[in-house]
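Per our numbering, the sequence shown runs over residues 3 to 204. Ideal Cβ placement from N, Cα and C applies to all residues, glycine included. Since this is a predicted model, take the numbers as computed values, not measurements. Worksheet for the structure shown next.
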Amino acid sequence: MRELVLATRNRGKVRELSALVAELRVKVLSLDDVPSAPEVEETGPTFLDNARLKAHLVAQAAGLPALADDSGLEADALDGEPGVYSARYGGPGLDDAGRCALVLERLTARGVESSPARFRCAVVVARPDGNEVACEARWEGIVHGPPRGGNGFGYDPIFEDPVFGQTAAELGEAVKNRVSHRAKALAALALVLREDPDWLVP
Ligand code: ITT
Numbered sequence: 003m004r005e006l007v008l009a010t011r012n013r014g015k016v017r018e019l020s021a022l023v024a025e026l027r028v029k030v031l032s033l034d035d036v037p038s039a040p041e042v043e044e045t046g047p048t049f050l051d052n053a054r055l056k057a058h059l060v061a062q063a064a065g066l067p068a069l070a071d072d073s074g075l076e077a078d079a080l081d082g083e084p085g086v087y088s089a090r091y092g093g094p095g096l097d098d099a100g101r102c103a104l105v106l107e108r109l110t111a112r113g114v115e116s117s118p119a120r121f122r123c124a125v126v127v128a129r130p131d132g133n134e135v136a137c138e139a140r141w142e143g144i145v146h147g148p149p150r151g152g153n154g155f156g157y158d159p160i161f162e163d164p165v166f167g168q169t170a171a172e173l174g175e176a177v178k179n180r181v182s183h184r185a186k187a188l189a190a191l192a193l194v195l196r197e198d199p200d201w202l203v204p
């Protein structure tokens, strides 16, 4: 069976990606299976640059295809913040709840209670020989407080889907995995790979 390394240390992503790649019919490995995988400095200016960086470094280290996701939240009223800094917004002392609180504080500081926003996701599958497939997608919604819901991770409790009227943390994983930025990027990737099933193992 073909093998694919999930190049992420975020447990929320691992859970979602594992469900989303099921249709690729690959054996999924984690970074724990690749002890030589380097810590990646996400210094790129875009989600796509950072996803590329992660996927190629891990594919090289593992000698296997690797899938990386770079993603984050953009709030219009904050000029696109937290953006590519989503994981480290506010510095290393904050956890997910602290970062959600910081977004809400900064909205208040700008005199608004809510803002149009989107989650964005770039996914890249890289092979050790340097070839790659990349896809991007977004999930439009509204950021506002107070945080609601106990599912998901990251900014899910403050991101409301306008169709469901619920936050991503209230939706539950089955629904989120149909409508999210990550779900749509993975669906596009699956379409590309389905066209060329031998791409993962040339
Ligand atoms: P890896 O680099 O190891 O994959 P990371 O958490 O550092 O893990 P990113 O640099 O891509 O990953 O940062 C993504 C951050 O954006 C993540 O930590 C969350 O705070 C936020 N985020 C991304 N997708 C999200 C989602 O579906 N729900 C909630 N927050 C999300």
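Is residue 115 buried or exposed, if buried means 16 or more other CB atoms sit within 10 Å of its CB?
exposed
Compute the beta-carbon to beta-carbon distance between residue 117 and residue 171, rounded to the nearest angstrom, for a pair I have assumed lies under 8 Å.
Residue 117 to residue 171, Cβ: 18 Å. No contact.
Assigned secondary structure, residue 129 (DSSP; H/G/I helix, E/B strand, else coil)
coil
Are three or more beta carbon pairs between the stretch 75-91 and the stretch 15-35 nearer than 8 Å?
no
What did DSSP end up calling residue 9 once you bin it into helix, strand or coil?
coil
Looking at the secondary structure, which residues open and close the alpha helix (DSSP H) in which residue 194 lies?
183-197
Is residue 128 near the ligand ITT, in the sense that its beta carbon is under 7 Å from a heavy atom of that ligand?
no
Using 7 Å as the cut-off, classify the Cβ of residue 1 as near or not near the heavy atoms of the ligand ITT, replying yes or no.
One cannot answer for residue 1 here, as it falls past the ends of the chain, which runs 3 to 204.
Taking only the alpha-carbon atoms, compute the straight-line gap between residue 203 and residue 135 and give it to the nearest angstrom.
13 Å
Between the alpha carbons of residue 36 and residue 9, how many angstroms are there, rounded?
10 Å
C-beta atoms of residue 123 and residue 183 nearer than 8 Å
yes
Out of 74, 33 and 58, which one is the CA nearest neighbour of residue 47?
74
Taking Cβ positions, are residue 61 and residue 179 nearer each other than 8 Å?
no
DSSP on residue 116, reduced to helix/strand/coil?
strand
Report the rounded CA-to-CA distance for residue 101 versus residue 157, giving the unit in angstroms.
8 Å
At the level of alpha carbons, what is the spacing between residue 128 and residue 159?
32 Å
Can you tell me the Cα-Cα spacing of residue 168 and residue 40, whole angstroms?
38 Å
Counting along the chain, where does the alpha helix (DSSP H) carrying residue 68 start and finish?
No alpha helix (DSSP H) contains residue 68, which is instead part of the beta strand (DSSP E) from 68-77.
Host alpha helix (DSSP H) of residue 85 (start-end):
Element bounds for residue 85: n/a, residue is neither H nor E.
Quick one: what does DSSP say residue 202 is sitting in, helix, strand or coil?
coil
On the criterion of 16 or more Cβ atoms from any shown chain inside 10 Å, does residue 143 qualify as buried, or is it exposed?
buried
Where residue 130 and residue 58 are concerned, what is the direct C-alpha to C-alpha distance, given to the nearest angstrom?
7 Å
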